[in-house]
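Visitor: Encoded as structure tokens, here's the structure I'll be asking about.
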Ligand SMILES: Nc1ncnc2c1ncn2[C@@H]1O[C@H](COP(=O)(O)OP(=O)(O)O)[C@@H](O)[C@H]1O
């Protein structure tokens, strides 16, 4: 899709602000939700762009980002997508309506390839190494809100970065599922360990067994007969035998239970391993991301630096004056507030 | 948004130049980025839009559990929004922005000034928390407050906000709505809230006192009218204000061809059906002449050369603007009384103010933020 000026007479620039872009994306998100079609959100970072900026200045970074955005447009030219390169946020964000996860993956792969193939033409004379994170709107967490969708794409991007480029991660159920499985596993292991301990204690405790019901019964039978030394010896032997039998059986039961526990743990572990390999990230990476979620660090702003009025804003002059008036008013509130606060309470 | 705007538009470094100058003065210790917040602190709803994509809205209610038992039951020290409304009987219940306490125009001596101020402060903290700011970010907020900009105790609002942000500014709410839509020149904004309708004339500079008018023909007025009309026609029907408000929000419409509205109201405890089509239309329509009165005043005192332009650029905002057919009704009345009129409806009444405040925050130069820290 090529940029086309919207028909509104009041807006002179076809360019939209980031806030406006976000609301356009949001509208698409809600449309997809009500009309029930798949939609993907893609975030692209250029690996090493900060180093590049440090070495060659922000223009180099700027043109790398522009080149990246150009590639995305080329690769996805048959796709209607809504995208923007957020200069100060070091990433490209795009929403692809009517796009399946497979198609998104394919686009991701193409983009990585295109970036790698650009080695000679890129601004800095370097290949563009991309990290790509994507999410789709088919999960509960990504379907219920635009924020959820963006956040998941951001997490996927987080997983994809730091590998020297070429990495595409789609945030899917697998990730959430692994998270849940790992919690299950931790809980299961803990309760198994406790149970195992109890079993082991019990099995090893012959004294306990001696007090078992069977022993009781045997002794009661012997109590009904006339006790001779022979019979007493016999009683001791019968009790010993019974205890030994009980012990063996208990051990077998415990062993069977242990095997069952081990099997369950093994199953969980294998399922985690399988899911992990499916999504192509390591356990370590996944854990890092999940821990990130636990503390809820908040959602990052798309801005890295203080913004201010855009120089090319068609109403820049009027807006500048307004900003200054608002500031003056607030300065006055603040001055007035300072002595007043004391009298308020 | 029109379909046309779904073009892919690269955001280039236009802002970067402005940034580099702004950065010089900044005493930035945080290096995690800059989060802008736009807050609409309304009498009935408080909403936030943030530059991390978060958007949240809460009804402007705050409740504090009355005693230990209630606190235990509710499991919280403060409740907000609909949750507060739901448990209002076991709470000390506040509508901090509606109480009049924070308004200069109120000469009533309400005894719980402090309570209301605390509630307003807690509400601000909560809405900011809900936007999920990160601790390593510099947070700058613009808070849109009702247009009777003469809100007292602005310092209380600023103080509360400053606990959670690095720098904060207040601005008038109808202005932020217009700013958010880039409609700064010759526009009349009608912001229909619960307690008041604010009219604001925009002409390329900050609106002044003489550009603003406020009247009380707003959401609550419609509710009261509707209740009266229903009570008159169906004296046997039993209802509460809350029920009436819900009926209005669900069916509000003033077009001549509106579909019939039949609602169930109890009669001696038994649900009974009532046709309230006419009542809804009449109640919703009752605010139109008053709005046009206000428009007429603001137009008449404007530069004659631009009066016509102004008539043709009226922008409807606020929760009350969701009444179906309201734009056409105002247009019709304007044409009849003022000879011309074109009324536009804002896309997102709930977030119009917050979006605009966010845009103001974004456009505010860095050195201004620094000076207010
Ligand atoms: N669908 C609707 N139709 C008519 N009125 C509505 C609708 N939804 C909300 N309102 C009314 O809008 C008013 C609140 O508007 P809002 O802009 O949120 O107020 P404020 O700016 O005072 O916080 C309430 O009176 C509410 O009943």
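Chains as they are written, first to last, in my numbering: chain A, 12 to 356; chain B, 53 to 425.
Glycine residues also receive a C-beta, built at the ideal position from the N, C-alpha and C atoms.
Out of 343/B, 339/B, 364/B and 221/B, which one is the CA nearest neighbour of residue 238/B?
Guide: For the options 343/B, 339/B, 364/B and 221/B, the alpha carbon positioned closest to that of residue 238/B is the one of 364/B.
Visitor: Could you check which residue in 38/A, 43/A and 92/A has the C-alpha nearest to that of residue 54/A?
Guide: Sorting 38/A, 43/A and 92/A by C-alpha distance to the C-alpha of residue 54/A places 92/A at the top.
Visitor: Any chance the region 177-194 of chain B sits against the region 205-221 of chain B, with 3 or more Cβ pairs inside 8 angstroms?
Guide: yes
Visitor: Given 8 angstroms as the limit, tell me if residue 282/B has its C-beta closer than that to any heavy atom belonging to ligand 1.
Guide: Not so, every heavy atom of ligand 1 lies at least 8 angstroms from the Cβ.
Visitor: Taking Cβ positions, are residue 179/A and residue 116/A nearer each other than 9 angstroms?
Guide: yes
Visitor: Taking the straight line between their C-alpha atoms, what separation do you get for residue 316/A and residue 249/B?
Guide: 37 angstroms
Visitor: Quick one: does the C-beta of residue 430/B sit closer than 8 angstroms to a heavy atom of ligand 1?
Guide: Missing from the structure shown is residue 430/B; chain B here goes from 53 to 425 and no further.
Visitor: Using a beta-carbon distance below 9 angstroms, is residue 106/B in contact with chain A?
Guide: yes
Visitor: List the whole-angstrom C-beta distance separating residue 182/B from residue 108/B, where the pair is believed to meet the contact cut-off of C-beta under 8 angstroms.
Guide: 4 angstroms
Visitor: Is there a Cβ of chain A sitting closer than 9 angstroms to that of residue 357/B, yes or no?
Guide: no
Visitor: Measure from the C-beta of residue 416/B to each C-beta in chain A and report whether the shortest distance is under 9 angstroms.
Guide: yes
Visitor: Would you say residue 93/B reaches chain A, if we count a Cβ-Cβ gap shorter than 9 angstroms as a contact?
Guide: no
Visitor: What's the C-alpha gap between residue 268/B and residue 375/B?
Guide: 17 angstroms
Visitor: Measure the C-alpha to C-alpha separation of residue 196/A and residue 270/A and round it to an integer number of angstroms.
Guide: 16 angstroms
Visitor: Pick helix, strand or coil for residue 234/B, following the three-state DSSP scheme.
Guide: coil
Visitor: If you draw a straight line from the C-alpha of residue 120/A to the C-alpha of residue 166/A, how long is it?
Guide: CA-CA distance, residue 120/A to residue 166/A, rounds to 19 angstroms.
Visitor: Go through the region 218-277 of chain A residue by residue and report every complete run of the alpha helix (DSSP H) that reaches 4 residues or more, in order.
Guide: 224-234
Visitor: To which residues of the same chain is residue 366/B closer than 6 angstroms at the C-beta, ignoring the five residues directly before and after it?
Guide: 240 and 395
Visitor: Cβ closer than 7 angstroms: which chain A residues qualify as neighbours of residue 123/B?
Guide: Taking the beta carbon of residue 123/B as reference, no residue of chain A falls within 7 angstroms; the closest one sits roughly 24 angstroms away.
Visitor: Do residue 103/B and residue 410/B count as a contact pair if the criterion is CB distance below 9 angstroms?
Guide: yes
Visitor: Classify residue 252/A: buried if its beta carbon has 16 or more other beta carbons within 10 angstroms, exposed otherwise.
Guide: exposed
Visitor: Since residue 128/B is in the alpha helix (DSSP H), which residue starts that stretch and which ends it?
Guide: That residue, residue 128/B, is in no alpha helix (DSSP H); it is neither H nor E in DSSP.
Visitor: Would residue 88/B and residue 314/A qualify as a contact pair, given that the criterion is a beta-carbon distance under 9 angstroms?
Guide: yes
Visitor: Count the other C-beta atoms from every protein chain shown that fall within 10 angstroms of the C-beta of residue 254/B, then say buried if there are 16 or more, exposed otherwise.
Guide: buried
Visitor: Around the Cβ of residue 189/B, are there at least 16 other Cβ atoms within 10 angstroms (buried) or fewer (exposed)?
Guide: buried
Visitor: Between residue 395/B and chain A, is there a C-beta pair that is closer than 9 angstroms?
Guide: no
Visitor: According to DSSP, which residues form a beta bridge with residue 316/B?
Guide: 325/B
Visitor: Using a C-beta cutoff of 9 angstroms, does residue 6/B count as contacting chain A?
Guide: Residue 6/B lies beyond the stretch modelled for chain B, which goes from 53 to 425, so this question has no answer here.
Visitor: Within the same chain, show all residues whose beta-carbon is closer than 6 angstroms to that of residue 347/A, passing over the 5 residues directly before and after it, in chain order.
Guide: none
Visitor: Give the secondary structure of residue 139/B by DSSP, where H, G and I count as helix, E and B as strand, and everything else as coil.
Guide: coil
Visitor: What's the call for residue 72/A, buried or exposed, on a 16-neighbour Cβ count within 10 Å?
Guide: buried
Visitor: Starting from the beta carbon of residue 334/A, find every residue of chain B whose beta carbon is closer than 9 angstroms, and list them in chain order.
Guide: 412, 415, 416, 417 and 420
Visitor: With 16 as the cutoff for other CB atoms within 10 Å, does residue 194/A come out buried or exposed?
Guide: In this structure residue 194/A is exposed. Its beta-carbon is surrounded by fewer than 16 other beta-carbon atoms within 10 angstroms.
Visitor: What does DSSP give as the partner residue(s) for residue 95/A in the beta ladder?
Guide: 104/A
Visitor: According to DSSP, is residue 102/B helix, strand or coil?
Guide: strand
Visitor: Whole alpha helix (DSSP H) runs in the region 189-273 of chain B with 4 or more residues, listed along the chain?
Guide: 206-214 and 225-232
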